[in-house]
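Chemist: Have a look at this one.
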Amino acid sequence: MKHLGSTTPILGPEGRILPNSVAEVEYLRLGGVDQWVMMRGENIDNPPLIVLHGGPGMSEMGFFRHANAPLERHFTVVHWDQRGTGKSFDRHLPKSSLTLAQFIADLDELVEIVRRRFNKAQVAILGHSWGSALGVIYAARFPEKVSLYVGAAQIGDWPLAERLSYAYGLAEAEKRGDLKALKKLRGIGPPPYPAESVFVERMVVNGLDDQLRPSIMWKAGRYLLGRPESSILDLPNLIQGFRFSLDAMWAEVSQLNLLKLVPALKMPVVIFAGRRDHWVMAETSLAFFDALDAPSKKFVYFEHSGHEMFVDEPEKFNAEMAECRILAMPPLQLKSA
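Add 106 to a position in the sequence shown, counting from 1, and you land on the number used in my numbering.
Shown next, in the form of C-alpha cells:
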C-alpha cells in the first residue's frame with residue numbers, strides 16, 4: 107500500500123502562506139515507474155536542491171524534515187524516494203530494473219522536471235552515502251545541469267570503505283572482548299560479501315558504536331514517521347524497500363571506485379565527513395576529495411557525527427549548507443519556449 111501523505115504549507119509570520127513558496131508531494135513517472143517526490147521551499151527563486159538518500163533503498167526524508175527544515179529558507183528542497191524505496195516501493199518492481207544506469211536515467215528525468223518547474227538552468231545536488239555515488243556520477247555526466255555538488259559521507263573507493271568498516275568492527279569487538287560481535291563478524295568473513303552480510307556487519311558496528319539503544323531507535327523512528335508526510339503505514343515499505351533495494355543493487359554498487367570513475371567535476375564541490383562514521387570512514391571520503399579535480403573544493407569534518415551528520419550535528423550542517431547557497435546560484439534561467 108502506498109501512502110502519498112501531505113505536507114504543510116510554508117507560513118509567514120502572520121500565519122499566511124508565503125507568496126512564492128512551494129510545498130508539494132506527488133508521484134512522478136520516472137523511468138516508467140511512479141516515484142514519490144516532495145518539493146518544499148520558502149521562495150522558488152532560490153536554487154533547487156535535489157537530495158539523494160543513502161542505502162540503496164534507505165529513505166531519509168523524515169530525518170531531513172525533522173532536523174534540516176532550515177534548508178528550505180535557502181533552497182527549494184526536492185526529496186525523492188528512489189525506485190524500490192520507501193513510498194516508491196512496489197513489490198511488483200523487477201529487481202533487474204534496479205541498476206546504476208536506470209537510477210542515473212531516473213535522476214535525469216527528475217532534474218528535467220525540476221528545471222522546468224522552477225525555470226532554472228541548473229540544480230544543486232546533495233548526495234548522502236549511496237546517494238553520493240549516484241550524485242557524483244550524475245554530475246560528471248551532466249555538468250551543464252548541475253551548479254553545485256555536495257557529498258555527505260562521500261563514497262570514494264567503495265570496496266576499500268567496506269574493508270575498513272569490517273576491520274574496525276573486528277578490532278573494536280576484540281578490544282572489548284565482545285564474543286557475540288566477534289562470532290557474527292567472523293561468521294560472515296571479510297568483504298566482499300553479499301547483501302545479507304552487509305546487514306549483519308552494519309548492525310554489529312552500530313551496536314559497538316552504542317547506536318542500538320532503545321532511546322536512539324525510538325528517536326530514529328519518531329524522526330522517520332513523525333511528520334505529516336509520513337505515517338506508520340509507511341513502515342512496512344521502508345523496511346521492505348531497504349532490503350529489496352540493497353539485495354538488488356549491492357553486487358554492482360559495492361564494486362564502484364569513484365576515484366577512477368569520477369576524477370574530475372566541473373562545478374564547485376563540498377564534502378562533509380563524520381569523524382565517528384564507521385560505515386564510510388572519513389579517510390576514504392578525504393582520499394576522493396584529494397584526488398578530485400574541481401573548480402573549487404571544500405572539505406568539512408563533523409567532529410561529533412557518525413554516518414548521518416545532518417542528524418547528529420544539524421545546526422552545523424544547516425549553517426554549512428546555507429553558505430553553499432551562493433555556489434548553487436545558476437547564472438542562467440531556462441529560456442521560455
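Positions of the beta carbon are idealized from the N, C-alpha and C atoms, including for glycine.
Predicted, not measured: the structure shown is a model, and the values here were computed from it.
When you compare the CB positions of F408 and D418, do they come within less than 8 Å of one another, or not?
Modeler: In the sequence shown, the residue the question calls residue 408 occupies position 302. In the sequence shown, the residue the question calls residue 418 occupies position 312. Yes, these two residues count as a Cβ contact at 8 Å.
Chemist: Which ranges would you report for the alpha helix (DSSP H) in the stretch 108-139 if only whole runs of at least 4 residues count?
Modeler: none
Chemist: Short check: CB of R431 to CB of H185, under 8 Å?
Modeler: Looking up residue 431 in the sequence shown gives position 325. Looking up residue 185 in the sequence shown gives position 79. No, the pair does not count as a contact, with Cβ atoms beyond the cut-off.
Chemist: Which one of V139, G111, N363, G192 has the shortest CA to CA distance from E130?
Modeler: Within the sequence shown, numbered from 1, the residue matching residue 130 stands at position 24. When only C-alpha atoms are compared, the closest one is G111.
Chemist: Which partner residues does R146 have in the DSSP bridge list?
Modeler: Position 40 of the sequence shown, counted from the start, is the residue given in the question as residue 146. The bridge partners DSSP lists for R146 are A129, V183.
Chemist: Sorted by chain position, which residues of the same chain lie with C-beta nearer than 7 Å to A443's C-beta, five sequence neighbours on each side aside?
Modeler: Taking the first residue of the sequence shown as 1, we reach residue 443 at position 337. In this prediction, A443 has a pLDDT of 38, which is less than 50 and means its spatial position is unreliable; what the coordinates show is noted afterwards. Excluding positions up to five away in sequence, the list is empty.
Chemist: Using the Cβ count rule (16 or more neighbours within 10 Å means buried), how would you classify N174?
Modeler: Looking up residue 174 in the sequence shown gives position 68. Buried, by the Cβ-count rule.
Chemist: Taking the CB atoms as reference points, tell me whether A258 and M415 lie closer together than 8 Å.
Modeler: Within the sequence shown, numbered from 1, the residue matching residue 258 stands at position 152. Within the sequence shown, numbered from 1, the residue matching residue 415 stands at position 309. Yes, they are a contact pair.
Chemist: Give the straight-line distance between the Cα atoms of F248 and T182, rounded to the nearest whole angstrom.
Modeler: One-based indexing of the sequence shown puts residue 248 at position 142. One-based indexing of the sequence shown puts residue 182 at position 76. Looking at the two C-alpha atoms, the distance is approximately 20 Å.
Chemist: Hey, out of H172, W385, L117, whose CA is closest to E307's CA?
Modeler: Taking the first residue of the sequence shown as 1, we reach residue 307 at position 201. E307 has its Cα closest to that of W385, out of H172, W385, L117.
Chemist: Are the beta-carbon atoms belonging to N126 and I150 less than 8 Å from one another?
Modeler: Position 20 of the sequence shown, counted from the start, is the residue given in the question as residue 126. Position 44 of the sequence shown, counted from the start, is the residue given in the question as residue 150. With respect to the 8 Å criterion, N126 and I150 are classified as neighbours on the basis of their beta carbons.
Chemist: Can you look up P265 in the DSSP assignment and give me helix, strand or coil?
Modeler: In the sequence shown, the residue the question calls residue 265 occupies position 159. Reduced to three states, the DSSP call for P265 is helix.
Chemist: If you draw a straight line from the alpha carbon of S165 to that of G233, how long is it in whole angstroms?
Modeler: Within the sequence shown, the letter at position 59 stands for residue 165. Within the sequence shown, the letter at position 127 stands for residue 233. Their Cα atoms are separated by approximately 12 Å.
Chemist: When DSSP labels each residue in this structure, what does A279 get in the three-state scheme?
Modeler: Within the sequence shown, the letter at position 173 stands for residue 279. Helix at A279.
Chemist: May I ask you to verify whether the stretch 190-208 touches the stretch 354-372, counting CB pairs closer than 8 Å and requiring at least 3?
Modeler: yes
Chemist: By alpha-carbon positions, which one of A227, Q260, V376 ends up nearest to H413?
Modeler: Within the sequence shown, residue 413 is the residue found at index 307, counting from 1. In terms of CA proximity to H413, Q260 leads the group A227, Q260, V376.
Chemist: Where does Q228 fall in DSSP's three states?
Modeler: Along the sequence shown, read from residue 1 onward, the residue named residue 228 stands at position 122. In the structure shown, Q228 sits in coil (DSSP, three-state: anything other than H, G, I, E or B).
Chemist: Using CA coordinates, which residue listed in K226, V217, L314 is at the minimum distance from G241?
Modeler: Working through the sequence shown from its first residue, we reach residue 241 at position 135. Closest option to G241, Cα to Cα, is V217.
Chemist: Are the CB atoms of V143 and L134 within a distance shorter than 8 Å?
Modeler: Residue mapping note: residue 134 aligns to position 28 of the sequence shown, counting from 1. Residue mapping note: residue 143 aligns to position 37 of the sequence shown, counting from 1. In contact: L134 and V143 (Cβ atoms closer than 8 Å).
Chemist: Do L270 and T390 have their CB atoms nearer than 8 Å?
Modeler: Residue 270 sits at position 164 when you count from the first residue of the sequence shown. Residue 390 sits at position 284 when you count from the first residue of the sequence shown. Their beta carbons are under 8 Å apart, which means L270 touches T390 by this criterion.
Chemist: Quick one: using the 10 Å Cβ neighbour count with 16 as the cut-off for buried, is D340 buried or exposed?
Modeler: Taking the sequence shown and counting its residues from 1, the one referred to as residue 340 is at position 234. Buried, because 16 or more other Cβ atoms sit within 10 Å of the Cβ of D340.
Chemist: DSSP on I432, reduced to helix/strand/coil?
Modeler: The residue given as residue 432 occupies position 326 in the sequence shown. If DSSP states are grouped into helix, strand and coil, I432 belongs with the helices.
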